[in-house]
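Novice: Right, I'll just put the structure down here and ask away after.
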Amino acid sequence: MSSEQFFVNRYKKLGWTYRQVKLKQAIRINTMNADRDKVVERLESLGIVLEKIPFLDDGYWIRKSRFSVGATAEYLLGLYSIQETAAQIPATLFTELEDKTVLDACASPGGKTVQLANIMKNGSVIVSLELKQRKMFALVNQLERCRVTNTAVYNMDAKEASKLNMQFDRVLLDVPCSGNPIADRDWFSKRTIEDVHRNARRQRQILAEAVKVTKDGGEIVYATCSLEPEENELNIDWAVANLQVKVDEIKCHGEKGLTNVFGKQLDLSIQKCRRLWPEQTQGFFVCKLRKQAV
Amino acid sequence: MKAINDFVAQFNTSIPLDKSHIVRNRNRYYMLPKNLKQQIPKGFFYAGAYLGAVKGSSFFPSFLLLAMIAEQKANKLVVDKKTAWLFICGRDIFKKGILTENNLKKGDYVLILNEHNECLGFGKIMSNLREEVDNNKVAVKNILDLGDFLRREKRKPQQPQGSKQPQRRDKKPSKSARK
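Residue numbers (this note's numbering), protein chains in the order written: chain A, 1 to 294; chain B, 1 to 179.
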């Protein structure tokens with residue numbers, strides 16, 4: 001059986017029939033730098049046709065543009081960021097961010113860090129971690145362009161976050177994952193189930209470390225752009241059973257998390273997670289965990 | 001700190017920087033807001049408001065610092081839409097593209113603003129603007145512009161932010177840039 005057939009069969013068993021989806025490019029207005037309506041007006045005056053993303057406050061799809069939206073003066077001034085539709089969801093799921101200490105544990109290329117800073121109106125504190133030196137460059141470039149001033153960036157593995165000796169109110173875990181065949185056309189030829197299992201193990205290590213550095217009652221938003229349940233529902237089921245967390249209800253775009261994966265029954269709270277099968281967005285998974293006091 | 005103040009003074013102004021919030025990390029200067037300064041541990045790669053970097057005897061400003069200077073009464077000029085775009089693409093400025101200026105002299109350093117009063121970078125005045133009659137002569141030499149954000153991506157990652165040599169002329173935002 002080919003790798004493609006193997007994964008396509010799995011998706012079918014999970015309730016989704018594989019098909020290629022053409023993704024619409026999306027932007028997010030940085031409202032800490034400019035008024036949303038004025039930015040939209042400026043972009044439209046350049047001939048860019050925008051469509052409001054119905055389930056995101058500051059998100060717009062690019063319907064038509066004669067030039068790259070990553071090369072306008074408005075982009076270079078940090079008035080908006082280019083950010084995939086589903087990737088705009090996780091940062092919006094936290095409650096009361098403004099005066100909180102926030103950790104963005106796997107931060108590069110920085111789109112979500114900027115979004116958090118935006119929600120926090122550039123106040124309080126964000127600590128962003130990135131393991132790979134070469135990715136740090138894109139991250140800090142993005143922070144400077146978008147005029148983020150409340151963030152400290154460390155070249156550090158999320159699995160070692162406790163070395164910071166800090167405790168956080170909110171933790172964003174946009175963990176390294178296997179990706180999905182919609183975002184990467186060569187995905188099937190590159191990925192094996194062994195990759196998925198390896199990534200899932202690493203994600204559990206990051207999750208465990210994140211719980212250590214989260215204050216009691218604090219929130220952890222966990223997200224991947226993987227369709228594989230090992231990296232999503234099965235990891236969260238493991239976290240609920242082994243770490244001091246429970247799954248919180250979230251209101252966002254997407255379907256309920258799977259509670260039965262290939263015949264294995266999971267904790268029913270996993271249905272509070274959200275799974276986004278590729279349609280208007282790439283494949284995505286997101287959930288919010290709350291750390292329980294011992 | 002002196003490097004920053006000297007740079008700002010080139011625009012005939014000063015900015016109120018609280019020395020206790022300025023941190024030098026290797027060759028880079030950052031301004032840390034109170035919360036950040038109190039909470040973050042040492043060893044950061046980047047923090048707060050990046051102000052610029054010192055390389056040799058030169059100071060290379062960040063765009064945040066330029067925007068802070070632009071909020072003050074300082075050497076600045078406003079250019080029209082087309083000139084703003086060409087400036088971001090790395091081009092120098094001709095007199096005909098200048099909408100307003102505040103009595104600038106040859107040799108002055110000047111911030112370049114668009115019609116929305118947003119700072120696009122800075123340059124050096126090449127002739128006395130009020131006396132110059134040739135509209136097609138370079139009036140302001142481009143030293144640093146926002147297109148640098150895109151050019152940086154193509155350079156070696158190890159190079160510090162804002163470290164573009166003033167003399168560089170190999171700049172265009174991207175192949176697909178707006179004309």
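Heads up, the beta-carbon is just placed ideally off N, CA and C, and yes, glycines get one too.
Since this is a predicted model, take the numbers as computed values, not measurements.
(1) Is the CB of Ala86 (chain A) under 8 Å away from at least one CB in chain B?
(2) Does the beta carbon of Glu115 (chain B) sit closer than 8 Å to a beta carbon anywhere in chain A?
(3) What three-state label does DSSP hand Trp277 (chain A) in the structure shown?
(4) Does Gly43 (chain B) have its Cβ less than 8 Å from a Cβ in chain A?
(5) Can the beta-carbon of Lys96 (chain B) be found less than 8 Å from the beta-carbon of Met126 (chain B)?
(6) Looking at chain A, is there any beta carbon in it that lies within less than 8 Å of the beta carbon of Glu71 (chain B)?
(7) I think Val114 (chain A) touches Leu93 (chain A), with their Cβ atoms under 8 Å apart; what is that distance to the nearest whole Å?
(8) Should Leu255 (chain A) go down as buried or exposed, given a rule of 16 or more other Cβ atoms within 10 Å for buried?
(9) Using a Cβ-Cβ distance under 8 Å, would Ser124 (chain A) count as near chain B?
(10) Should Ala112 (chain B) be flagged as near chain A, meaning a C-beta pair shorter than 8 Å?
(11) Between Leu77 (chain B) and chain A, is there a C-beta pair that is closer than 8 Å?
(12) From B:Met1, B:Phe7, B:Asn12, pick the residue whose C-alpha is nearest to that of Asn102 (chain B); which is it?
(13) Would you list the residues sitting across from Ala86 (chain A) in a DSSP beta bridge?
(14) Where DSSP assigns a beta bridge to Phe60 (chain B), which residues make up the other side?
(15) How is Val114 (chain A) classed by DSSP in three states: helix, strand or coil?
(16) Which residue's Cα is closest to the Cα of Arg121 (chain A): A:Cys273, A:Ala34, A:Tyr18?
(17) Let me check understanding here. Comparing Cα to Cα, which of A:Arg198, A:Tyr154, A:Lys215 lies closest to Asp169 (chain A)?
(18) Restricting to runs no shorter than 4 residues, where is the alpha helix (DSSP H) found entirely within the segment 214 to 251 of chain A?
(19) With a threshold of 8 Å between beta-carbons, can Ala161 (chain A) be considered close to chain B, or not?
(20) Give the interface partners of Arg28 (chain A) over in chain B, defined as CB-CB distance under 7 Å, in chain order.
(21) How about Lys13 (chain A): is its Cβ closer than 7 Å to a heavy atom in the ligand HEM?
(22) Quick one, which residues of the segment 84 to 103 of chain B are near chain A if we go by CB-CB under 8 Å, in chain order?
(23) List, in order along the chain, the chain A residues whose C-beta lies closer than 9 Å to that of Gly56 (chain B)?
(24) Using a 10 Å radius around the Cβ and a threshold of 16 neighbouring Cβ atoms, would you call Lys19 (chain B) buried or exposed?
(25) Does Arg66 (chain A) come out as helix, strand or coil in the three-state DSSP assignment?
(26) Rounded C-beta distance between Gly257 (chain A) and Gln271 (chain A)? I'm assuming under 8 Å.
(27) Are there 16 or more other CB atoms within 10 angstroms of the CB of Ser189 (chain A), so buried, or fewer, so exposed?
(28) Beta carbons nearer than 8 Å to chain A: which residues of the segment 137 to 149 of chain B have them?
(29) Hey, quick one: how far does the beta strand (DSSP E) through Arg10 (chain A) stretch, first residue to last?
(30) Excluding the 5 residues preceding and the 5 following Glu130 (chain A) in the sequence, name in chain order all residues of the same chain whose CB lies nearer than 6 Å to its CB.
(31) One question on the structure: do Phe284 (chain A) and Ala86 (chain A) come within less than 8 Å of each other, judged by their Cβ atoms?
(32) Chain A beta carbons: is any one of them nearer than 8 Å to that of Ile181 (chain B)?
(33) Please list the partners that Met32 (chain A) has in chain B, where partner means a Cβ-to-Cβ separation under 7 Å.
(34) So, Val213 (chain A) versus Val171 (chain A), is the Cβ gap smaller than 8 Å?
(35) Buried or exposed for Met1 (chain A), going by 16 or more other Cβ atoms inside 10 Å?
(36) Hey, how far is the Cα of Gln158 (chain B) from the Cα of Tyr154 (chain A)?
Specialist: Per the coordinate set shown:
(1) Taking the first residue of the first sequence as 1, we reach residue 86 (chain A) at position 86. It does not; no Cβ of chain B falls within 8 Å.
(2) On the second sequence, position 115 is the one that residue 115 (chain B) refers to. By the rule that beta-carbons nearer than 8 Å mark a contact, Glu115 (chain B) does not touch chain A.
(3) Mapped onto the first sequence, residue 277 (chain A) falls at position 277. Coil, per DSSP.
(4) Numbered from its first residue, the second sequence carries residue 43 (chain B) at position 43. Using a Cβ-Cβ cut-off of 8 Å, Gly43 (chain B) counts as an interface residue toward chain A, since at least one Cβ of chain A sits closer than that to its own.
(5) For this step, residue 96 (chain B) is matched to residue 96 along the second sequence. For this step, residue 126 (chain B) is matched to residue 126 along the second sequence. For Lys96 (chain B) and Met126 (chain B), no; Cβs fall outside 8 Å.
(6) For this step, residue 71 (chain B) is matched to residue 71 along the second sequence. So no, Glu71 (chain B) is outside the interface.
(7) Position 114 of the first sequence holds residue 114 (chain A). Position 93 of the first sequence holds residue 93 (chain A). 16 Å between Cβ atoms; not a contact.
(8) One-based indexing of the first sequence puts residue 255 (chain A) at position 255. It should be noted that the sequence gives Glu, not Leu, for residue 255 (chain A). Glu255 (chain A) comes out exposed.
(9) To locate residue 124 (chain A), count along the first sequence from 1; it is residue 124. Chain B, which has a Cβ nearer than 8 Å to the Cβ of Ser124 (chain A), makes this yes.
(10) Numbered from its first residue, the second sequence carries residue 112 (chain B) at position 112. Strictly speaking, residue 112 (chain B) in this sequence is Ile, with Ala absent from that position. With 8 Å as the cut-off, Ile112 (chain B) does not count as an interface residue toward chain A.
(11) Stepping through the second sequence from its first residue, residue 77 (chain B) is reached at position 77. It does not: the Cβ of Leu77 (chain B) has no partner Cβ on chain A nearer than 8 Å.
(12) By one-based count along the second sequence, residue 102 (chain B) stands at place 102. Minimum Cα-Cα distance from Asn102 (chain B) among the listed residues B:Met1, B:Phe7, B:Asn12 corresponds to B:Asn12.
(13) Position 86 of the first sequence, counted from the start, is the residue given in the question as residue 86 (chain A). In the DSSP output, where bridge partners are listed per residue, Ala86 (chain A) has none listed.
(14) In the second sequence, the residue the question calls residue 60 (chain B) occupies position 60. According to the DSSP secondary-structure assignment, Phe60 (chain B) is paired through a beta bridge with B:Ala53.
(15) As a first step, residue 114 (chain A) must be located in the first sequence, where it is residue number 114. Annotated three-state conformation of Val114 (chain A) is helix, per DSSP.
(16) Position 121 of the first sequence holds residue 121 (chain A). As written in the sequence, residue 121 (chain A) is Lys, which differs from the Arg given in the question. The residue with the shortest Cα to Cα distance from Lys121 (chain A) is A:Ala34.
(17) Sequence index remark: in the first sequence, residue 169 (chain A) carries index 169 (1-based). Considering only A:Arg198, A:Tyr154, A:Lys215, the residue with the shortest C-alpha distance to Asp169 (chain A) is A:Lys215.
(18) For the segment 214 to 251 of chain A, whole alpha helix (DSSP H) runs of length 4 or above, ordered along the chain, are 233 to 242.
(19) As a working note, residue 161 (chain A) is residue 161 in the first sequence. Interface residue (Cβ-Cβ distance to chain B less than 8 Å): Ala161 (chain A) is not classified as such.
(20) In the first sequence, counting from the first residue as 1, residue 28 (chain A) sits at position 28. None at all; the shortest Cβ gap to chain B is about 17 Å.
(21) As presented, the structure is devoid of all ligands, the ligand HEM included, so that no description of it is given.
(22) Here the close residues are Ala84, Trp85, Ile88.
(23) Position 56 of the second sequence, counted from the start, is the residue given in the question as residue 56 (chain B). None at all; the shortest Cβ gap to chain A is about 22 Å.
(24) Start at 1 with the first residue of the second sequence, and residue 19 (chain B) comes out as number 19. Exposed, because fewer than 16 other Cβ atoms sit within 10 Å of the Cβ of Lys19 (chain B).
(25) Locating residue 66 (chain A) in the first sequence gives position 66, counting from the first residue. Taken through DSSP and simplified to helix, strand or coil, Arg66 (chain A) comes out as coil.
(26) Numbered from 1 along the first sequence, position 257 holds the residue referred to as residue 257 (chain A). Numbered from 1 along the first sequence, position 271 holds the residue referred to as residue 271 (chain A). Contact holds; Cβ gap of about 5 Å.
(27) Reading the first sequence from its first residue, position 189 is the one you call residue 189 (chain A). So Ser189 (chain A) ends up on the exposed side.
(28) Leu146, Gly147, Phe149: these are the residues of the segment 137 to 149 of chain B whose beta carbon lies less than 8 Å from some beta carbon of chain A, given in chain order.
(29) For the purposes of this step, residue 10 (chain A) is taken as residue 10 along the first sequence, with counting starting at 1. Premise fails: Arg10 (chain A) lies in the alpha helix (DSSP H), 3 to 14, not in any beta strand (DSSP E).
(30) For the purposes of this step, residue 130 (chain A) is taken as the residue at position 130 of the first sequence. So the qualifying residues of the chain are Ala107, Ser108, Met136, Leu139.
(31) On the first sequence, residue 284 (chain A) is found 284 positions in, with the first residue counted as 1. On the first sequence, residue 86 (chain A) is found 86 positions in, with the first residue counted as 1. Cβ atoms of Phe284 (chain A) and Ala86 (chain A): closer than 8 Å.
(32) Since the displayed chain B opens at 1 and closes at 179, residue 181 (chain B) lies outside it and no answer follows.
(33) On the first sequence, position 32 is the one that residue 32 (chain A) refers to. Ordered by position in chain B, no residue passes the 7 Å Cβ test against Met32 (chain A), which lies about 13 Å from the chain.
(34) To locate residue 213 (chain A), count along the first sequence from 1; it is residue 213. To locate residue 171 (chain A), count along the first sequence from 1; it is residue 171. With respect to the 8 Å criterion, Val213 (chain A) and Val171 (chain A) are classified as neighbours on the basis of their beta carbons.
(35) Sequence index remark: in the first sequence, residue 1 (chain A) carries index 1 (1-based). Under this definition Met1 (chain A) is an exposed residue.
(36) Here residue 158 (chain B) is taken as the residue at index 158 of the second sequence, counted from 1. Here residue 154 (chain A) is taken as the residue at index 154 of the first sequence, counted from 1. Because the pLDDT of Gln158 (chain B) is 49, which lies under 50, any placement of that residue in the model is unreliable, and the number read from its coordinates should be weighed accordingly. If you take the alpha carbons of Gln158 (chain B) and Tyr154 (chain A), they lie about 15 Å apart.
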